[in-house]
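Read the structure below first, then the notes.
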Amino acid sequence: MTRATPYPDTITTPVSRLHLVFELSNSTWKLGFALTRNGKLRERNVPARDLAAVFAEIDTARRHFKLSEDAPVVACYEAGRDGFWLYRALTAVDVECAVVDPASILVDRRRVHAKTDRLDLKALRMLLVRYAEGERDVWRVVKVPPAEVEDLRLLGRERKTIVEECTAHVNRVRSMLSLYGVTVEGSVSPRLASTLPAIVGPSGDRLGPAAQGQIRRELERIDLATKQIREIEKQLRELFAARQREALGRRVDELGAAERATEQARRLQELRGIGQLGAFTLATEFFGWRQFKNRKQVAALAGLAPVPHQSGDMDRERNISKAGNPRIRALVVQLAWGWLRHQPQSALSREFRQRTEEGKKRGRRRAIVALARKLLVALWRYLDHGVIPDGAIFSPGVRAA
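The sequence shown lines up with residues 334 to 734 when you count with this note's numbering.
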């Protein structure tokens, strides 16, 4: 007679590790404590963001499960609007914490399935115990940036947001003028406000008072957004200069996280075709605080890696995953087009031209994504290993090391 192998949780070995899962919301946090996968789940509610209550519940759970006062605690929560402050608060008191990518958690594939906070706690508990036992592929853990780099990259994100808002204001001005058959040649600037009373459409109609008022207010918002963009760019320039002075004469391993990011941004700017904003975004969002083992990890994190699709005799690659950082993916595609213009003699540019000799639009779109992936890998090798991209040239005044 064959006996079934007992489930790991049925083995009567002592467990000295406490597992804690969080279900976060804006008003109340649900905490789930457990020792094993199938053991009893101790559920508690605490006010949102009340760390004192969380730490008190941890101490109570240790006593409840008859653990020592210094028994290790492993915790997890899903990445989201609460960011990483909870991770830093937990690790500061020696609680091992994993911030989990919610999209990596397997769910029931039926069209309609039950979903409650209690069920989520149970599912997370099961995965957390497996993760703590060494099954690192049960989910994907988010790499938490250093606090100073997280603050630093807000500048680039804020600028991008304001640029998008400015573009929306410009489009609304053009749309309002189109209602009267009027088009604006060139850029839309606040100077347009003084000419509004004199604008006459093809039918002889002038802009109404309400239309003039709306356009004038949109132009004021454009003026404010433009000033804020200049202010952010000035702050970036001053920040670069200050960080470079701090890093002068120091080894890379002696630099702080923010200093390393700005140093990498400076090195990226040495390559022709990469400007200050692009270099700053690459350093603070991607390269500055991560360690990549190989080129596949680089491409995968940017969402530029192809997705395999294999079953039986069928084996092919689908489109790129788009599962990584969308800011980096969009930026690298832009840099790839700029690379073709500013680095025409590089190996990457020559390969692109060879692949697109027929000139089909669809082929060029696919080829530029492939170029973006290879360019990102080449920049990683340049920063981490000092390998200059084949055939690349430096900006004027920069001498290759």
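Think of the CB as a built atom: it goes at the ideal place given N, C-alpha and C, for glycine as much as any other residue.
Would you tell me roughly how many angstroms separate the C-alpha atoms of residue i and residue j, rounded to the nearest one?
i    : j    : result
E564 : W472 : 41 angstroms
P341 : L351 : Because the pLDDT of P341 is 41, which lies under 50, any placement of that residue in the model is unreliable, and the number read from its coordinates should be weighed accordingly. Rounded to the nearest angstrom, the two C-alpha atoms are 16 angstroms apart.
G489 : D538 : 43 angstroms
L716 : K448 : 45 angstroms
V462 : Y410 : 13 angstroms
T516 : L510 : 6 angstroms
G611 : L664 : 7 angstroms
V387 : V379 : 7 angstroms
F366 : D383 : 17 angstroms
T345 : P478 : Reliability of the predicted coordinates at T345 is poor, the pLDDT of 36 falling under 50, and no value is obtained from them.
R714 : P639 : 20 angstroms
L681 : P722 : 8 angstroms
W622 : K629 : 18 angstroms
F727 : T614 : 19 angstroms
A725 : I661 : 21 angstroms
D484 : V533 : 49 angstroms
N504 : R524 : 16 angstroms
F736 : V631 : Outside the shown range of the chain (334 to 734) lies residue 736, about which nothing can therefore be said.
H718 : F619 : 16 angstroms
L572 : R486 : 12 angstroms
E376 : L512 : 60 angstroms
S536 : H502 : 26 angstroms
A733 : E592 : Annotation note: pLDDT 47 at A733 (below 50); position unreliable, coordinate value reported separately. Distance between the alpha carbons of A733 and E592: 22 angstroms.
R396 : A381 : 23 angstroms
P641 : G696 : 20 angstroms
A394 : V474 : 25 angstroms
A412 : V432 : 6 angstroms
E650 : A703 : 13 angstroms
K693 : R686 : 12 angstroms
Looking at the secondary structure, which residues open and close the beta strand (DSSP E) in which residue i lies?
i    : result
T361 : 361 to 367
N504 : First-last for N504: 487 to 511, but that is the alpha helix (DSSP H), not the beta strand (DSSP E).
H446 : That residue, H446, is in no beta strand (DSSP E); it is neither H nor E in DSSP.
V407 : 406 to 411
F685 : Element bounds for F685: not the beta strand (DSSP E) but the alpha helix (DSSP H), 680 to 688.
Q676 : Looking at the DSSP string, Q676 is not in any beta strand (DSSP E), and its letter there is neither H nor E.
V475 : Note, V475: premise wrong, no beta strand (DSSP E); not H, not E.
N378 : 375 to 380
E429 : 429 to 433
P641 : 639 to 644
Quick check on this structure: which residue in the options has the alpha carbon closest to the alpha carbon of residue i?
i    : options                : result
R549 : L368, R570, G519, V506 : V506
Q609 : D646, W622, K567       : K567
P729 : G606, R469, D723       : G606
E466 : V406, A425, F398       : V406
L454 : A544, V445, P542, V354 : V354
V521 : C499, G514, L512, R421 : C499
Y420 : A543, S536, L357, E592 : L357
L439 : T361, L368, L460       : L460
D434 : D427, G696, A656       : A656
Q667 : K693, R686, R698       : R698
S508 : V482, Q545, V710, S349 : Q545
R600 : K707, Q676, V720       : V720
Is residue i near the ligand NAD, judged by its Cβ being under 6 angstroms from some heavy atom?
i    : result
G519 : Annotation note on the ligand NAD: not contained in the displayed structure, which lists no ligands.
Under the assumption that residue i contacts residue j (Cβ atoms under 8 angstroms), give the Cβ distance between them as a whole number of angstroms.
i    : j    : result
T689 : A700 : 5 angstroms
A616 : Q597 : 4 angstroms
L634 : I653 : That pair is no contact at about 12 angstroms.
Q577 : T559 : At roughly 28 angstroms, the Cβ-Cβ gap does not stay under 8 angstroms, so Q577 and T559 are not in contact.
For residue i, report the span of its alpha helix (DSSP H) as first-last.
i    : result
E390 : 384 to 397
V631 : 628 to 634
L351 : Segment 351 to 356 is the beta strand (DSSP E) holding L351; no alpha helix (DSSP H) there.
V710 : 694 to 718
R421 : 418 to 424
Inset, instruction - Return the chain-ordered ranges of every alpha helix (DSSP H) run that is complete within the region 582 to 624 and spans a minimum of 4 residues. - result: Assignment of alpha helix (DSSP H) within the region 582 to 624, counting only whole runs of 4 or more residues, yields 590 to 602, 609 to 615 in chain order.
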